[in-house]
Amino acid sequence: MAMAFPAIAQDLAPEMSPKPRLNQNRVSITDAGNVVIPPEKKADPKSVIETEDDAEKTGMRDQLRETDADYKACLMRLDQMGVVYSEAEPLISEDDADCGILRPLMVSEVGPGVAIQPPAMLRCETAQAVATWMKDFVLPASERLSERGAMTSIENGSGYICRRRNNLPDAKLSEHAFGNAFDVMGFQFKDGSRIAIEPREAEGSMAEAFQDAVRGSACLDFSTVLGPGSNASHDDHLHLDVIARPSGYRLCEQSGVSPN
């Protein structure tokens, strides 16, 4: 378990605050003894426009950078859940200036004894969502499949990758391009068996019940949940991401065909 936190600066002794003084450059006194303070100068409109333009030019990668306090708190929550990770160098794509993660984590275990195969590069917020979902829902659900033994790994279909949605050249950037998304291909168990994510269409099996349960519960930790039945691109995996939408809106598509 990695414990790499930014150093905390030592408290500095408080400085003596000087007494407030009038700005002599701004004050004049009339012959009658009245103090006259000229009005504040208005901001240069050009400087305001430049500031707004700079903000608009800030890419999503930079907007998603955590504050030092938020990042440290996120790492602490991962440690508490037994997540195994390492901090990596900032990811900045040469192909697309908006892709990347400024504080990426390489996550190899999403909880005690449960590996991510292969390890996934994610933002801390995404790693926390995956770990919480696994701890609160996936692992308890897997205990109903006791004949398989304990869950040993979750199969990583994709973590960070700089690409467009559904790999379409003119589409918006995928949440994978910011480390906000994680794709689940399946789950492996101690007895060597696996449950793959696939279209199941009311087959009535425990594997289908497990897949539907973990997919439904994912909407409590992720703002987007896609999978079999959403479209052909998601027929073999669950797409989970933490994109922030207005009013906290969640896009959670559930699979399953009701039997006749």
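Residue numbers in the sequence shown follow this note's numbering, run continuously in steps of one, and reach 1523 at the last position. Every residue, glycine too, gets a C-beta built ideally from N, C-alpha and C. This structure is a prediction, so every number in the text was calculated from the model and none was measured.
Identified DSSP bridge partners for residue i
{"i": "G1479", "result": "G1479 is not bridged to any residue."}
{"i": "R1427", "result": "L1436"}
{"i": "F1445", "result": "L1503"}
{"i": "E1357", "result": "According to DSSP, E1357 bridges with nothing at all."}
{"i": "E1349", "result": "Here residue 1349 turns out to be Ser, not Glu, going by the sequence shown. According to DSSP, which records beta bridges pairwise, S1349 is partnered with M1369."}
{"i": "G1363", "result": "I1355"}
{"i": "Y1488", "result": "According to the sequence as given, residue 1488 is Val; it is not Tyr. In the DSSP output, where bridge partners are listed per residue, V1488 has L1503 and C1515."}
{"i": "F1473", "result": "Looking at the DSSP assignment, F1473 forms no beta bridge with any residue, so it has no partner."}
C-beta atoms of residue i and residue j nearer than 7 Å
{"i": "D1246", "j": "G1479", "result": "The first residue shown for the chain is 1264 and the last is 1523, placing residue 1246 beyond what the model contains."}
{"i": "A1378", "j": "V1370", "result": "no"}
{"i": "H1439", "j": "I1424", "result": "yes"}
{"i": "R1328", "j": "L1365", "result": "yes"}
{"i": "A1392", "j": "V1505", "result": "yes"}
{"i": "V1477", "j": "C1515", "result": "no"}
{"i": "N1429", "j": "S1493", "result": "no"}
Residue i classed as buried or exposed, judged by whether at least 16 other C-beta atoms fall within 10 angstroms
{"i": "N1443", "result": "buried"}
{"i": "G1511", "result": "exposed"}
{"i": "P1403", "result": "exposed"}
{"i": "A1481", "result": "buried"}
{"i": "L1501", "result": "buried"}
{"i": "G1412", "result": "exposed"}
{"i": "M1339", "result": "exposed"}
{"i": "S1280", "result": "Summary for S1280: the model assigns pLDDT 37, below 50, so the residue's position carries little reliability; its value from the coordinates is reported in the next sentence. By the neighbour-count rule (16 or more Cβ atoms within 10 Å), S1280 is not buried but exposed."}
{"i": "S1456", "result": "exposed"}
{"i": "L1341", "result": "buried"}
{"i": "R1513", "result": "exposed"}
{"i": "A1434", "result": "exposed"}
{"i": "G1376", "result": "exposed"}
N- and C-terminal bounds of the alpha helix (DSSP H) containing residue i
{"i": "E1418", "result": "First-last for E1418: M1414 to S1421, but that is the beta strand (DSSP E), not the alpha helix (DSSP H)."}
{"i": "L1402", "result": "L1402 to S1405"}
{"i": "D1341", "result": "At residue 1341 the sequence reads Leu, which differs from the Asp that was named. Its alpha helix (DSSP H) spans residues D1331 to Q1343."}
{"i": "M1369", "result": "Run containing M1369: none in the alpha helix (DSSP H); it sits in the beta strand (DSSP E), L1368 to G1374."}
{"i": "R1411", "result": "Run containing R1411: none; DSSP gives neither H nor E here."}
{"i": "Q1326", "result": "M1323 to Q1326"}
Nearest-angstrom Cα separation, counted from residue j out to residue i
{"i": "I1417", "j": "F1450", "result": "5 Å"}
{"i": "A1360", "j": "L1354", "result": "11 Å"}
{"i": "E1410", "j": "M1469", "result": "11 Å"}
{"i": "L1503", "j": "S1486", "result": "8 Å"}
{"i": "Q1517", "j": "D1498", "result": "12 Å"}
{"i": "L1408", "j": "D1325", "result": "43 Å"}
{"i": "P1491", "j": "S1356", "result": "30 Å"}
{"i": "A1507", "j": "L1483", "result": "14 Å"}
{"i": "A1332", "j": "R1463", "result": "44 Å"}
{"i": "T1330", "j": "R1386", "result": "13 Å"}
{"i": "V1401", "j": "A1351", "result": "27 Å"}
{"i": "Y1348", "j": "S1437", "result": "23 Å"}
{"i": "V1346", "j": "D1475", "result": "25 Å"}
{"i": "G1363", "j": "F1441", "result": "5 Å"}
{"i": "V1520", "j": "K1335", "result": "The predicted position of V1520 is uncertain, since its pLDDT is 40 and thus under 50; a value taken from the coordinates is nonetheless stated next. So the two alpha carbons sit approximately 44 Å from each other."}
{"i": "E1466", "j": "A1472", "result": "9 Å"}
{"i": "M1397", "j": "V1373", "result": "8 Å"}
{"i": "A1394", "j": "F1452", "result": "17 Å"}
{"i": "R1426", "j": "M1323", "result": "14 Å"}
{"i": "K1305", "j": "L1431", "result": "With a pLDDT of only 48 at K1305, under 50, the local geometry of the prediction cannot be trusted, and no value is derived from it."}
{"i": "I1458", "j": "M1344", "result": "24 Å"}
{"i": "E1406", "j": "Q1380", "result": "20 Å"}
{"i": "K1399", "j": "P1509", "result": "As written in the sequence, residue 1399 is Asp, which differs from the Lys given in the question. C-alpha separation (whole angstroms): 26 Å."}
{"i": "M1414", "j": "D1454", "result": "9 Å"}
Residue range of the beta strand (DSSP E) that includes residue i
{"i": "D1454", "result": "Unbroken run through D1454: none, as it is neither H nor E."}
{"i": "M1384", "result": "V1377 to L1385"}
{"i": "D1504", "result": "L1501 to D1504"}
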